[in-house]
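For the sequence shown, my numbering assigns the number 100 to the initial residue and increments by one for each residue that follows.
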Amino acid sequence: MFWKPQVALLVSEQTLLPVLMPLAPAATLARRFPSRLALVLKEQGVPSEFIAQEVWRMDQVRYAKTANRSVVGILNEFVKQAEFWLAAYAYEKGDDDDLLAISAKLAERPCSPLYKGPVSPDRALHELVKAGAQE
Numbered sequence: 100m101f102w103k104p105q106v107a108l109l110v111s112e113q114t115l116l117p118v119l120m121p122l123a124p125a126a127t128l129a130r131r132f133p134s135r136l137a138l139v140l141k142e143q144g145v146p147s148e149f150i151a152q153e154v155w156r157m158d159q160v161r162y163a164k165t166a167n168r169s170v171v172g173i174l175n176e177f178v179k180q181a182e183f184w185l186a187a188y189a190y191e192k193g194d195d196d197d198l199l200a201i202s203a204k205l206a207e208r209p210c211s212p213l214y215k216g217p218v219s220p221d222r223a224l225h226e227l228v229k230a231g232a233q234e
């Protein structure tokens, strides 16, 4: 995304949950991502036990090109929507709270790959958490 300061947009393939975070320093993005995801999950009201499990599972990171074209489409759509929210929250100073709020707003948006189920990433996340709690 072409914002100043630069922002990384990461999306879960399963739930399409978006996570916006500062890109810089890019070399540490993978190390910083688990704590950022934890903040986004907490903002979504996810239980701390589930968050701890997710962060624990992220001990190894691999970068790969996605084979899922729907995820690419959603990323492009989220960028457009984030531009609107960026203007509303005036993200100019690198305020991480603004990025957290924008991530939450994007998670509420209906996404076509989810139309046959939970419709939006926040609902998909809560279904996933509920299913995990029942296991």
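Heads up, the beta-carbon is just placed ideally off N, CA and C, and yes, glycines get one too.
Test item: CB-CB of residue i and residue j under 8 Å
i, j, result
"Gly-216", "Phe-149", "no"
"Leu-122", "Val-139", "no"
"Leu-174", "Leu-108", "yes"
"Gln-143", "Asp-221", "yes"
"Ser-219", "Leu-213", "yes"
"Ser-202", "Pro-117", "yes"
Residue i versus residue j - alpha carbon distance
i, j, result
"Gln-180", "Met-120", "16 Å"
"Pro-124", "Pro-104", "11 Å"
"Glu-182", "Arg-161", "28 Å"
"Ala-200", "Phe-177", "14 Å"
"Pro-209", "Gly-172", "13 Å"
"Thr-165", "Gln-159", "17 Å"
"Ala-163", "Leu-185", "28 Å"
"Leu-115", "Ala-187", "23 Å"
"Met-157", "Ser-211", "27 Å"
"Glu-207", "Ala-137", "18 Å"
"Ser-111", "Leu-198", "17 Å"
Residues sharing a beta bridge with residue i, DSSP
i, result
"Met-157", "Note: Met-157 sits in no beta bridge, so no partner."
Residue interval of the beta strand (DSSP E) (run including residue i)
i, result
"Ala-107", "106 to 110"
Short CB-CB distance (under 8 Å) between residue i and chain C
i, result
"Pro-146", "Considering every chain present, this structure includes no chain C. It has just one protein chain."
Opening and closing residue of the alpha helix (DSSP H) in which residue i lies
i, result
"Val-118", "Taken as a continuous stretch (DSSP letters only), Val-118 belongs to no alpha helix (DSSP H), being part of the beta strand (DSSP E) at 117 to 121."
* To do: Check whether the region 150 to 165 touches the region 119 to 133, counting contact only when three or more Cβ pairs, one atom from each stretch, lie closer than 8 Å.
  => yes
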